[in-house]
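Notes for the one structure printed next.
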Amino acid sequence: MVVIFVKELKQTDIEHRLSWPTESLGHLPTFNGGNRVNFEVVDDTGRSWPFRCSIRRTGPYAKPVITSGWLDFVRANNLESGDTIIFYKDQVPDRQPTYRVRVFPKGAPVPTIFLFGYLVV
1 MVVIFVKELK QTDIEHRLSW PTESLGHLPT FNGGNRVNFE VVDDTGRSWP
51 FRCSIRRTGP YAKPVITSGW LDFVRANNLE SGDTIIFYKD QVPDRQPTYR
101 VRVFPKGAPV PTIFLFGYLV V
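First residue of the sequence shown? That's 1 in UniProt numbering, and the numbers climb one at a time after it.
Here you go:
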């Protein structure tokens with residue numbers, strides 16, 4: 001499992017949309033020349049969440065954001081500003097990748113030791 005990114009959530013992330021780091025766009029399915037891509041994310045309970053990542057059509061920066069499905073995830077998990085999320089990607093040869101997300105409540109210890117892009121716990 002490769003860590004895509006770790007993020008402490010801001011108020012905008014829990015009220016409107018999740019800002020996805022531009023440097024992590026390469027981990028998502030291809031946009032195929034468009035400006036959005038749908039993908040499924042599995043949480044710690046095994047529940048699957050349909051997310052959509054959108055990028056700007058014009059301008060020098062993509063500014064990726066997760067819109068569709070994200071606020072449902074926020075509400076179902078009672079996320080708050082200050083909580084931390086970790087997005088992962090499982091890649092098995094000849095299969096579609098599986099995306100995963102873990103939530104750590106504000107103040108909870110977050111594993112932060114990585115070795116070659118893999119989280120060490």
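Idealized CB from N, CA, C, for every residue including glycine.
Which one of LYS63, HIS27, PHE51 has the shortest CA to CA distance from ASN38?
Residue numbering aside, residue 38 sits at position 38 when the sequence shown is read from its first letter. Residue PHE51 is the option with its Cα nearest to ASN38.
From which residue to which residue does the beta strand (DSSP E) around ASP90 run?
Numbered from its first residue, the sequence shown carries residue 90 at position 90. Its beta strand (DSSP E) spans residues 84–90.
Out of curiosity, what's the CA-to-CA distance linking THR45 and VAL103?
Position 45 of the sequence shown holds residue 45. Position 103 of the sequence shown holds residue 103. Going by the C-alpha atoms only, they are around 11 Å apart.
With 16 as the cutoff for other CB atoms within 10 Å, does PHE5 come out buried or exposed?
Along the sequence shown, read from residue 1 onward, the residue named residue 5 stands at position 5. By the 10 Å Cβ count, PHE5 comes out exposed.
Helix, strand or coil: how does DSSP classify ARG57 here?
Numbered from 1 along the sequence shown, position 57 holds the residue referred to as residue 57. Reduced to three states, the DSSP call for ARG57 is coil.
Looking at the structure shown, is TRP70 part of a helix, part of a strand, or coil, going by DSSP?
On the sequence shown, residue 70 is found 70 positions in, with the first residue counted as 1. Of the three classes helix, strand and coil, the one that applies to TRP70 here is helix, per DSSP.
With 16 other CB atoms within 10 Å as the buried threshold, where does SER81 fall?
In the sequence shown, residue 81 corresponds to position 81, counting from 1. It is exposed - the Cβ of SER81 has fewer than 16 other Cβ atoms within 10 Å.
In angstroms with no decimal places, state the Cα-to-Cα distance between ALA108 and LEU79.
Taking the sequence shown and counting its residues from 1, one reaches residue 108 at position 108. Taking the sequence shown and counting its residues from 1, one reaches residue 79 at position 79. Distance between the alpha carbons of ALA108 and LEU79: 13 Å.
Apart from the five residues just before and just after PRO29, which ones in its own chain have a Cβ nearer than 7 Å to its Cβ?
Stepping through the sequence shown from its first residue, residue 29 is reached at position 29. Closer than 7 Å at Cβ, skipping near neighbours: VAL37, PHE39.
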